[in-house]
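**Q** Structure incoming, see below.
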Amino acid sequence: MAAYEWIKGECLDAFSHNDLSQLIEFVSQLDSLRHKEGARTFAPASEACFSGQEICQQIQFRRDRLEQFAIKSPCLLSYLKQDFDPVFARLRDWARHHWQADQAFDEELPGQYRTLSPSDLGFHNTLREKSGTLRIIDLEYFGWDDPVKLTSDFCWHPGMTLNQQTRDEWIRAVIQIFARDRSFTARLRAAYPLYGLRWAMIVLNSFLTNQSNNSVSTKILRTQLEKSINLCRKAALLIEDERYSF
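Per our numbering, the very first residue in the sequence shown carries number 514; after that it's consecutive.
Following this line, the structure appears as structure tokens:
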């Protein structure tokens, strides 16, 4: 059985400071529910990442799956081997070196530091009612996750374009929400570039779709490949910036 509600609202062509504040409040409210009766009955969110090693495994899985279908796409195969792989190796080693001192890179995050997460939070999954209230939709991936993943995905998601001011305001706010975890900021700094690489692989899903039914145009594939290249470069540049911090 399922119950549905019709939401009369509009997609966001642009977002305001008030819109961002509403999403931040939504994250805070979700986290406050972690101790409520029944909260522990939720499963992990879709593709939850509870350790640095798990992030890397997800990236590697997506990368290897793409290579299996790259025979018909020399450009994709060349990008994976010549560009992506060296960057991934460098960022993986950098993240492992900068991981929080009190937790191993392959050690799962303790339950008390996890949060309830929509797993795909962003302005692309909201509707604005006439009152200005945002309604968050697309919650089928909901579950427990590391708040670092929630924080990073919001910034890296290619469906949104965040300026530096919005990104900084978002990160400052979530650092306050998850202040109970004293290692949160260090873990976020170490993992953030890896989540950029994870999105660099996700945007290439159209290549997988095209292999099954040849339905994706060459133009779309070229556009998605360019997006992936840009995300990969952006993630690589982060660790070269001595000012990179949160």
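C-beta: ideal position from N, C-alpha, C; glycine also.
A quick note: this is a predicted structure, and the numbers were derived from the prediction, not measured.
From what residue to what residue does the beta strand (DSSP E) around Gly656 run?
**A** Taking the sequence shown and counting its residues from 1, one reaches residue 656 at position 143. Counting along the chain, the beta strand (DSSP E) containing Gly656 begins and ends at Gly656 to Asp658.
**Q** On the premise that Ser630 lies in contact with Phe655, defined as a C-beta separation below 8 Å, what is that separation, rounded to the nearest angstrom?
**A** Residue numbering aside, residue 655 sits at position 142 when the sequence shown is read from its first letter. Residue numbering aside, residue 630 sits at position 117 when the sequence shown is read from its first letter. Yes, they are in contact, since the Cβ atoms of Phe655 and Ser630 sit about 7 Å apart, within 8 Å.
**Q** Would you call the region 609-629 and the region 534-548 touching, i.e. three or more CB-CB distances under 8 Å?
**A** Output reads yes: the region 534-548 touches the region 609-629.
**Q** Considering only their Cβ atoms, is the gap separating Ala703 from Ala813 smaller than 9 Å?
**A** What the structure shows of the chain is the stretch from 514 to 759, and residue 813 is not part of that stretch, so it cannot be assessed.
**Q** Give, in chain order, every unbroken run of the alpha helix (DSSP H) that is at least 4 residues long and sits entirely within the region 540-591.
**A** 565-581 and 587-591
**Q** Relative to the alpha-carbon of Thr679, which residue among Ile688, Gly672, Cys668 and Thr646 has its alpha-carbon at the smallest distance?
**A** Within the sequence shown, numbered from 1, the residue matching residue 679 stands at position 166. Closest in alpha carbon position to Thr679, among Ile688, Gly672, Cys668 and Thr646, is Cys668.
**Q** Mark Ile690 as exposed unless 16 or more other C-beta atoms lie within 10 angstroms of its C-beta, in which case mark it buried.
**A** Locating residue 690 in the sequence shown gives position 177, counting from the first residue. Classification of Ile690: buried, given that the 10 Å Cβ count is 16 or more.
**Q** Quick one: give me the first and last residue of the beta strand (DSSP E) that Thr646 is part of.
**A** Indexing the sequence shown from 1 puts residue 646 at position 133. Premise fails: Thr646 is in no beta strand (DSSP E) and is neither H nor E.
**Q** Output yes or no for whether 9 Å exceeds the beta carbon distance between Ile684 and Phe539.
**A** Within the sequence shown, residue 684 is the residue found at index 171, counting from 1. Within the sequence shown, residue 539 is the residue found at index 26, counting from 1. Contact check for Ile684 against Phe539 fails: the beta carbons are separated by 9 Å or more.
**Q** According to the neighbour-count rule (16 or more other Cβ atoms, all chains shown, within 10 Å of its Cβ), is Asn638 buried or exposed?
**A** Along the sequence shown, read from residue 1 onward, the residue named residue 638 stands at position 125. Counting Cβ neighbours within 10 Å, Asn638 comes out buried, since at least 16 surround it.
**Q** Name the one or two DSSP bridge partners that Ser630 has.
**A** For the purposes of this step, residue 630 is taken as residue 117 along the sequence shown, with counting starting at 1. BP columns for Ser630 point to Gly656.
**Q** Quick check: Leu579 and Leu744, are their CB atoms within less than 9 Å of each other?
**A** Locating residue 579 in the sequence shown gives position 66, where the first residue counts as 1. Locating residue 744 in the sequence shown gives position 231, where the first residue counts as 1. No, these two residues do not count as a Cβ contact at 9 Å.
**Q** Report yes or no: do the region 572-586 and the region 554-561 share at least 3 C-beta pairs separated by less than 8 Å?
**A** They do not touch, by the three-pair rule.
**Q** What is the DSSP secondary structure of Thr722, counted as helix, strand or coil?
**A** Locating residue 722 in the sequence shown gives position 209, where the first residue counts as 1. When secondary structure is reduced to three states using DSSP, Thr722 falls in the helix class.
**Q** With a 10 Å radius around its C-beta and 16 neighbouring C-beta atoms as the bar for buried, classify His530 as buried or exposed.
**A** In the sequence shown, counting from the first residue as 1, residue 530 sits at position 17. With fewer than 16 other Cβ atoms within 10 Å, it is exposed.
**Q** I'd like to confirm the pairing. Which residues does DSSP put opposite Thr639 in its beta bridges?
**A** Position 126 of the sequence shown, counted from the first residue, corresponds to residue 639. In DSSP, Thr639 forms a bridge with Ile649.
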